[in-house]
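Residue numbers (our numbering), protein chains in the order written: chain A, 2 to 91; chain B, 2 to 91. Beta carbons: idealized from backbone N, C-alpha and C, even for Gly. Just below is one structure, and these are the notes that go with it.
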DNA sequence: GTCTCATATCGACACATGTCAATGTGTTAG
DNA sequence: CTAACACATTGACATGTGTCGATATGAGAC
């Protein structure tokens, strides 16, 4: 259980999760996540991997792009987390 | 906001919070927290300090004892966190 | 096949964190 | 005042973590 919170305990990861959760389409290409976070491609990829490993988001490869979305079974949890208070995104 | 989750991201701290939240009286003496956590007195004190600093619990000195309780304004948050799933206490 | 692009992984670094033994601080008992 | 107790703080250590540049991997385009 602490693992979930560990994944949420980094500001970059919180913004990442907030970005993914806030797109109307429900999924985002990794290529759109590098710039707004102001982190290197390697770092963003690392954080996406952490969030995926704990099951908060899911990854799907389509062609050369990787698409991420909030894990359907964790959507309620993620929403309640992000609604906790205003999260500064970007 | 990540600060809150950082405080929750350690198993020892989660058990500590769960212990404090679960006493019927609503508050616990630090002296009752050492043994069930199987950590040194210094370590428990450190974790209590972390939880207090982020405002999840409050500390009150009464005589030589320090009493802790879940911060009243965070009680709902803490309850929702701990109810998230069964937390193994002790 | 080769080239290019999107992403993941590796190696290294600085820094944060959990832990304990030892010591400090403040309170009560005598 | 002195002693004992409850707890906090300090110092040290090992381990974990965020970050990046460099490199590897895998997929489409040619």
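Short CB-CB distance (under 9 Å) between residue i and chain B
i, result
"residue 14(A)", "yes"
"residue 69(A)", "no"
"residue 84(A)", "no"
"residue 11(A)", "yes"
"residue 3(A)", "yes"
Interface flag, residue i vs chain A, CB-CB below 9 Å
i, result
"residue 81(B)", "yes"
"residue 17(B)", "no"
"residue 7(B)", "yes"
"residue 22(B)", "no"
Sub-9 Å separation of residue i and residue j beta-carbons
i, j, result
"residue 18(B)", "residue 58(B)", "yes"
"residue 70(B)", "residue 45(B)", "no"
"residue 3(B)", "residue 79(B)", "no"
"residue 52(A)", "residue 8(A)", "yes"
"residue 72(A)", "residue 56(A)", "yes"
Counted within 10 angstroms of its Cβ, other Cβ atoms place residue i as buried (16 or more) or exposed
i, result
"residue 10(B)", "buried"
"residue 68(A)", "buried"
"residue 39(B)", "exposed"
"residue 63(B)", "exposed"
"residue 5(A)", "buried"
"residue 14(B)", "buried"
First and last residue of the uninterrupted beta strand (DSSP E) at residue i
i, result
"residue 61(A)", "58-63"
"residue 22(A)", "From DSSP, residue 22(A) is part of no beta strand (DSSP E) but of the alpha helix (DSSP H) over 12-23."
Element boundaries [alpha helix (DSSP H), containing residue i]
i, result
"residue 51(B)", "42-54"
"residue 79(A)", "76-84"
"residue 3(A)", "3-9"
"residue 37(B)", "35-38"
Proximity to residue i [Cα-Cα], best of the options
i, options, result
"residue 60(A)", "16(A), 81(A), 6(A), 27(A)", "27(A)"
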